[in-house]
Amino acid sequence: MEFAIRFLRQQYQLQIFHTPDDECRTILGHCIKSRINDVGLFGGHVATLFSNWEYQSVDLDEIELVSNSRRRCRAGYCNRRITEPYGKFHAGDSYLIYSAFESGQPCGTLLQQIKGSSNKLERYIHFWLGTETTQDEAGVVAIKAVELDDFLGGSPVQQREVEGSESARFMTYFKDGIRILPGGAASGFKHVTDEFHPALYSVKGKRNPVVRQLAEVSWSLMNEGDVFVLDCKKYIFVWVGRSANSREKMHAAKLAQTLKGDHGESYSTLVIVEDGQELGLPDAERGAFEGLLAIQHKKLKAIEAENDESFESKTTAEIKLYRCTDEDGTLKVTEVKKGPLFQADLSSNDSFIVDNGANGIFVWVGKKATPQERAEAMRNGQSFAKKKEYPPNTNVTRILDGGEPAEFRSLFRDWKVLNQTVGFGRQASVGKIAKVVQTKFDASTLHENPKAAAKAGMVDDGSGKKEVYRIINKELSPVPHAEHGKFYAGDCYVINYAYTAGGTEKNIIYYWLGSTSGQDEKGIAAVMAVDLDKKLGGRAVQIRLIQGKEPEHFLAMFGGKLVIYSGGRASGFESQEGEKDEVLGDTYMLQVRGNAAHNTKAVQVPLKASSLNSNDVFILMSPKVVYIWCGKGSTGDEREMAKKIAADGKADTQIMAEGKEKAEFWEVLGGKGPYITDMRTAEEIHEHEPRLFQCSNATGNMKVEEILDFNQTDLVEEDVMVLDAWHSVFIWVGVNSNKQEVALVEKGIVQYLRSDPKGRDLDTPILKIHQGCEPPTFTGFFGAWDPNSWENRMDFEKLKEHLKKDNPNMTITLSVNGSSGEKNRYPLVVLQEKNPEKLPADVDPVQKELSLHDAEFTRAFKMERAAFEALPAWKRNQLKKDVGLF
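The numbering of the sequence shown is the numbering used here, which starts it at 6 and goes up by one.
See the structure below:
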């Protein structure tokens with residue numbers, strides 16, 4: 006449920022987007038009593054709920070909902086309905102936006118019975134400040150936010166939004182983007198006039214584009230990185246910049262269709278024209294276009310580069326915590342600590358400020374804080390940001406103890422939500438198996454239940470086909486089948502795993518990096534994995550594994566018999582001359598951890614008593630006897646898995662319990678000695694919500710944007726996406742992304758892990774997957790997943806065909822910077838630039854005429870291209886001088 010209140014001096018408008026019946030009536034009643042003059046009902050459930058309702062007010066003191074079938078007007082009553090379009094904002098106004106939804110549900114998702122649900126209701130209050138709003142209006146909206154917060158019991162999260170710097174959560178309310186119009190209260194809220202003035206709109210943004218009506222119609226306000234809509238009423242032009250993204254094109258086309266509807270369906274003609282193709286328009290359309298945007302004056306701004314937002318800037322380790330106290334009516338802010346932050350650092354007795362720099366300020370209010378501290382929290386946060394000299398558009402968010410949103414919890418190394426399980430956490434970290442009761446693992450259900458697959462990290466039970474390669478002398482050397490599952494810490498391996506899902510064979514390429522292997526071998530393994538993926542058609546999932554961080558599926562591939570030995574081959578670039586391979590002797594010891602085929606492995610440890618641990622099972626290999634030593638804290642399942650590994654030995658097997666060892670056992674170990682006997686307790690497992698990031702370098706800099714409440718439609722084909730599932734990190738490569746983006750993201754992942762305030766393991770497995778080849782371990786994090794989504798998804802070309810059917814008179818200029826392979830064309834005035842560095846990048850300074858549009862070429866040279874090319878060189882050069890192209 007969301008609604009917005011638009012402030013008009015001391016009056017304001019309420020916009021309701023989604024709401025359950027009871028809460029809607031309660032909010033409406035409060036707002037009418039608070040003298041909200043205009044009420045608008047919009048979107049989804051509310052549109053259905055209120056399509057047959059009007060409200061009547063008596064002196065703005067009470068509210069009554071009545072059916073349209075019983076519409077009536079009585080003395081003292083007035084009927085009103087406001088139909089302000091959803092997502093439309095005026096730069097001269099301030100707005101109050103309220104959102105409520107059930108925990109675990111996307112923003113705007115509404116369940117029919119809120120009262121009967123056991124889920125917690127999350128509430129958010131945003132106040133949005135237009136760039137032209139007055140200080141008085143900004144002050145009033147802040148006060149009203151506090152009043153509404155009080156009315157709702159103080160539970161909502163409050164967030165300050167500034168035009169142009171809206172938070173990710175704010176933008177999730179507007180899946181079709183927002184539309185920012187000039188003016189506001191001073192120009193009259195409901196002023197209607199028949200006088201039309203041409204308008205130019207910019208459409209910018211990848212996920213939720215922002216539409217902004219520009220101050221004037223001028224080339225100087227346009228750039229080739231965005232899409233612009235020119236509304237001339239008779240003609241509505243969609244001008245597509247050569248570097249615009251598909252979402253901007255789609256949104257601009259929809260905006261044009263909306264404007265056409267505003268003018269009357271039969272009145273306007275839609276015209277889509279690409280940058281450089283203006284002269285190819287039919288005469289009537291070209292005349293209308295040039296009447297406002299003359300081609301000879303075309304001079305575009307450079308593409309507006311976004312701030313260079315890396316993963317590091319998104320989750321900085323330099324986060325700080327401050328305590329706010331109200332002593333004798335005076336606010337005192339004291340620094341408590343720098344990151345990392347822990348949930349225990351917060352106290353319900355006080356208020357705190359979490360300073361995440363330009364990424365945002367959070368004011369956390371404890372349950373036992375004074376009413377004054379609660380009321381002043383937002384103002385204190387804004388004052389803090391101002392004192393720190395952060396940008397004026399820095400987002401400030403007020404949070405109540407117990408109502409922390411995911412974006413706040415992510416700043417803490419640990420956060421346990423009371424009586425709530427959110428997201429998909431691992432049941433236990435590999436290598437730190439907690440002593441818990443095991444349930445039977447059924448891999449057959451994984452593809453039917455992607456959520457379970459995502460939680461377990463398993464695509465199947467590991468019984469598929471595998472090819473194992475070892476890096477030897479810079480090449481992939483096949484490992485004999487009998488040696489599968491026997492790895493050396495000094496080496497690197499590449500494993501091609503094939504399995505069948507939905508009747509189609511799929512591949513996973515693991516490259517395993519031993520803990521003592523050289524950097525050269527690690528680099529070769531990564532390159533070999535990429536090469537192998539190319540041979541498989543570029544559709545495999547690539548997974549980087551560091552020794553000790555093997556996921557359960559990797560262990561299951563070897564049936565719980567993975568053994569990692571010390572040593573390896575001396576084949577790396579860094580090996581010294583004469584250095585020999587480290588050969589496994591006939592006497593060594595293995596430490597075994599795991600209780601099932603999908604979580605068991607054995608690792609070689611030093612051959613001495615101090616390596617023993619009462620919590621685990623150990624295998625002592627010797628020429629005559631294989632000893633299985635069972636610590637007091639080990640389980641029967643762990644002992645059974647150790648037996649399977651020991652069965653590969655050639656000697657007789659003896660099982661012995663801790664404390665009942667034979668003398669021969671200690672003799673092989675070199676004598677008795679102290680070792681760890683403390684019982685390992687089950688480690689506390691914290692749930693970590695998955696996080697999705699969109700990464701793009703379309704503007705020249707790498708921009709990283711976190712996406713809240715994500716689903717499959719948030720995956721953008723032109724970009725690289727990063728899904729942080731805590732126990733692993735996925736790199737999703739869109740089909741239209743570029744290699745540079747992929748390389749930058751792969752490099753940035755390690756920095757992201759290093760700078761995460763939660764204190765991440767730098768050896769976390771990293772998986773690279775390609776669009777259309779997503780395994781269930783990935784899709785399970787996205788709720789409902791449609792494997793045919795990419796084929797069915799509407800793109801700009803499909804949308805143009807759809808619009809063409811609805812608009813028979815629609816004009817579309819053909820693209821020359823797409824599949825045709827022709828050169829981009831430019832107006833004569835652009836090509837007359839004398840400085841080669843100021844010419845478009847694809848223009849040859851010596852042959853500018855090749856980039857001139859055909860029609861303008863004929864007008865300038867008074868001949869066709871063929872005739873011009875037939876002239877001698879000196880004559881062509883003279884003509885080029887005459888028209889300013891030499």
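Even for Gly, the Cβ is constructed at its ideal location relative to N, Cα and C.
- Across the structure, residue 266 and residue 277 are spaced so that their CA atoms are roughly 17 Å apart.
- For residue 176, the uninterrupted alpha helix (DSSP H) run begins and ends at 173 to 177, by DSSP.
- In the structure shown, the three-state DSSP call for residue 347 is coil.
- Cβ-Cβ distances below 8 Å link residue 664 to 637 in the same chain, with the five nearest sequence neighbours on each side left out; the list follows chain order.
- Taking C-beta atoms as the reference points, residue 231 and residue 204 fail to come closer than 7 Å.
- Taking residue 670 as the centre and dropping the five residues before and after it, the same chain places the C-beta of 632 closer than 6 Å to its C-beta, in chain order.
- Residue 777 has its alpha-carbon roughly 29 Å from the corresponding atom of residue 497.
- Residue state for residue 227 is assigned as coil, using DSSP reduced to three classes.
- In the displayed model, residue 240 falls within a strand according to three-state DSSP.
- Under a 10 Å Cβ-count criterion, residue 462 is classified as buried, with 16 or more other Cβ atoms of the shown protein chains found around its own Cβ.
- Approximately 6 Å separates the beta-carbon atoms of residue 530 and residue 499; this is inside 8 Å, confirming the contact.
- Residue pairing for residue 214: DSSP places it in no beta bridge.
- Residue 682 and residue 617 have their C-alpha atoms roughly 9 Å apart.
- With respect to the C-alpha of residue 395, the residue from 360, 371 and 273 having the closest C-alpha is 360.
- In this structure, residue 590 and residue 521 do not form a Cβ contact; the two beta carbons are roughly 17 Å apart against a cut-off of 8 Å.
- The beta carbon of residue 389 lies closer than 7 Å to those of 338, 358 and 366 in the same chain, with the five residues before and after it left out.
- Going by C-alpha positions, residue 143 is about 34 Å away from residue 707.
- Beyond the five residues adjoining it in sequence on each side, residue 398 comes within less than 7 Å, by CB distance, of 167, 169 and 170 in the same chain, given in chain order.
- Note that the C-beta distance between residue 549 and residue 712 is not below 7 Å.
- In this structure, the beta-carbon distance from residue 101 to residue 146 falls below 7 Å.
- Bridge partners of residue 294 according to DSSP: none are assigned.
- Runs of alpha helix (DSSP H) with 4 or more residues, each lying fully within the stretch 382 to 420, are found at 382 to 392 and 411 to 414, listed in chain order.
- In this structure, DSSP gives residue 126 an extended state, which the three-state scheme calls strand.
- Around residue 385, the same chain offers 329, 336 and 368 as residues with beta carbons nearer than 7 Å, after the five sequence neighbours per side are excluded.
- Residue 635 is bridged by DSSP to 622 and 662.
- Nearest Cα to residue 227 within the set 305, 245 and 212: 305.
- Minimum Cα-Cα distance from residue 757 among the listed residues 779, 419, 728 and 296 corresponds to 728.
- In the displayed model, residue 765 falls within coil according to three-state DSSP, outside both helix and strand.
- Counting every other CB atom within 10 Å of its CB across the protein chains shown gives residue 200 a total below 16, marking it as exposed.
- Excluding its 5 nearest sequence neighbours in each direction, residue 731 has C-beta neighbours in its own chain below 6 Å: 693, listed in chain order.
- The criterion of a C-beta distance shorter than 7 Å is not satisfied by residue 833 and residue 869.
- Separation of residue 674 and residue 503 (C-alpha to C-alpha, rounded to the nearest whole angstrom) is 42 Å.
- Following the DSSP letters along the chain, one finds residue 549 inside the beta strand (DSSP E) bounded by residues 546 to 551.
- In this structure, the beta-carbon distance from residue 768 to residue 514 does not fall below 7 Å.
- Shown here for residue 224: same chain residues with a beta carbon closer than 7 Å to its own, the five before and five after excluded, namely 298, 302, 303, 304 and 305 in chain order.
- Counting along the chain, the unbroken alpha helix (DSSP H) around residue 862 starts and ends at 859 to 866.
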